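Trainee: In our numbering, the protein residues as written are 28 to 196.
Cβ atoms here follow ideal geometry from the backbone N, Cα and C, with glycine treated the same way.
It should be emphasised that the depicted structure is a prediction, and the values quoted were computed from it without experimental measurement.
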């Protein structure tokens, strides 16, 4: 079955509050995430496992648990894009991207660092958001099941960088 291009509009709100210190940006919710109604919703996506391990906490299971985990740990979660044309979950197929307005979060929270979960999110952020925000994004490896060549140990090592931004200075 060949997947066709589909116009997708981001359907859930960013997770953040005034205490958020880092902003973690994906590209766009995958079909599985849209089905689940939340970020990194594919059962094999390693995002929630790696960030909860980095923060030394239990793996959050429900949307409520994930939301309170992110807020408690000062992590804002959103996506670079508000909408685009895409084939399934294939970031490389993205056409006609429309970026989210990062000021929604940046004007309300003291964000100290922006991280992207994958190269495509980094490229899109650089092109569409950086001119507005002036904040360079740090590109972390994608936690998607499609990025299986990056081991969990490598992900954990790379994601440990977020710890330094979450502590009070």
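Around the Cβ of residue 170, are there at least 16 other Cβ atoms within 10 angstroms (buried) or fewer (exposed)?
Mentor: Residue environment: residue 170 is assigned as buried (16 or more neighbouring CB atoms within 10 Å of its CB, all protein chains considered).
Trainee: By Cβ distance, which residues of its chain are closer than 6 Å to residue 162, with the 5 residues on each side in sequence left out?
Mentor: 141
Trainee: Work out the CA separation of residue 91 and residue 155 for me, nearest whole Å.
Mentor: 30 Å
Trainee: Within 10 Å of its beta-carbon, does residue 130 have 16 or more other beta-carbons around it, so buried, or fewer, so exposed?
Mentor: exposed
Trainee: For the putative contact between residue 98 and residue 44, defined by C-beta atoms under 8 Å, what is the C-beta separation to the nearest angstrom?
Mentor: 6 Å
Trainee: Between the C-alpha atoms of residue 191 and residue 46, what's the straight-line distance to the nearest angstrom?
Mentor: For residue 191 and residue 46, the distance between alpha carbons rounds to 15 Å.
Trainee: Under the three-state reduction of DSSP, which class applies to residue 48: helix, strand or coil?
Mentor: coil
Trainee: What did DSSP end up calling residue 188 once you bin it into helix, strand or coil?
Mentor: helix
Trainee: Can the beta-carbon of residue 151 be found less than 7 Å from the beta-carbon of residue 107?
Mentor: Their beta carbons are under 7 Å apart, which means residue 151 touches residue 107 by this criterion.
Trainee: Let me confirm a value: residue 122 is counted as buried when at least 16 other C-beta atoms fall within 10 Å, else exposed. Which label applies?
Mentor: By the neighbour-count criterion, in which 16 or more other beta carbons inside 10 Å mark a residue as buried, residue 122 falls on the exposed side.
Trainee: Note the first and the last residue of the continuous beta strand (DSSP E) segment covering residue 112.
Mentor: From DSSP, the beta strand (DSSP E) with residue 112 extends over 108-114.
Trainee: According to DSSP, what are the bridge partners of residue 42?
Mentor: Paired residues: 104.
Trainee: Give the straight-line distance between the Cα atoms of residue 87 and residue 68, rounded to the nearest whole angstrom.
Mentor: Spanning the two alpha carbons is a distance of roughly 12 Å.
Trainee: Return the residue from the list 135, 76 and 116 that minimises the CA-CA distance to residue 183.
Mentor: Of the listed residues, the one whose Cα sits closest to residue 183 is 76.
Trainee: What do you get for residue 118, buried or exposed, if any count of 16 or more other CB atoms within 10 angstroms of its CB means buried?
Mentor: buried
Trainee: Under three-state DSSP, which class holds residue 124?
Mentor: strand
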